[in-house]
Amino acid sequence: MHRYLKVAVRAGLQRWSTWREGERRHRVEKEALEVREAHEQWLEGRVRLLPLLDQWRESVVDVLPAGSELEIDVDLDEAPSGPWLWFIEFRVGATEWEAIAPPRLDHLAFADEAGYFEVVVGLEEVPGFLRRRVASARGRE
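This is the structure we're talking about:
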């Protein structure tokens, strides 16, 4: 009986070990797939974002103060416990506006006066929004 118990325990441990290894392999493959998908999404977004940056710069040329330009910096904001976001900073002289956008780039959320990203603007509305912001900043100078 004792010998049978040892064999049964050993067989059970082997099955459990095989199952754990399969789970581990599945988790690694799933994480690798998520990384590949995120990278592909980033590439697609970058290709889509580059022409938008030029369009946004051109949309404010006539309301900019003389000798200045709209500078736009784009970076990724990688949240440790969630999806990444596009972090976009707009600057005219000393005036700055910050915005975030989801990977699919269907809207931008601009930071309000308190620093919360609650001013949601659709992509097609961004040029007009920037024009108003630039004109408002110019009026304060």
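When we follow the working numbering, the leftmost residue of the sequence shown carries the number 1469, and every step to the right adds one.
Think of the CB as a built atom: it goes at the ideal place given N, C-alpha and C, for glycine as much as any other residue.
Keep in mind the model is a prediction, meaning the values are calculated, not measured.
Cβ distance (whole Å) where residue i is taken to contact residue j below 8 Å
i: residue 1594; j: residue 1576; result: 6 Å
i: residue 1599; j: residue 1527; result: 6 Å
i: residue 1514; j: residue 1539; result: Incorrect: roughly 18 Å between the Cβ atoms, too far for contact.
i: residue 1589; j: residue 1532; result: So it is not a contact: roughly 19 Å between Cβ atoms.
i: residue 1517; j: residue 1542; result: 7 Å
Cross-strand partners of residue i (DSSP beta bridge)
i: residue 1564; result: 1559
i: residue 1575; result: 1590
i: residue 1597; result: DSSP output for residue 1597 lists no bridge partner at all.
i: residue 1554; result: 1544, 1569
Residue nearest to residue i in terms of C-alpha spacing, selected from the options
i: residue 1581; options: 1571, 1565, 1529, 1554; result: 1565
i: residue 1567; options: 1482, 1483, 1585, 1520; result: 1585
i: residue 1553; options: 1486, 1523, 1485, 1506; result: 1506
i: residue 1561; options: 1569, 1544, 1606, 1517; result: 1606
i: residue 1597; options: 1525, 1583, 1535, 1491; result: 1525
i: residue 1556; options: 1579, 1535, 1534, 1536; result: 1579
i: residue 1522; options: 1508, 1537, 1509; result: 1537
Any non-hydrogen atom of the ligand NAP within 6 Å of residue i CB
i: residue 1580; result: Absence of the ligand NAP from the depicted structure is noted, as is the absence of any ligand whatsoever, leaving it without description.
#### Entry: Minimum length 3: unbroken beta strand (DSSP E) runs contained in the stretch 1470-1550
Listed in chain order, the complete beta strand (DSSP E) runs (minimum 3 residues) inside the stretch 1470-1550 are 1539-1545.
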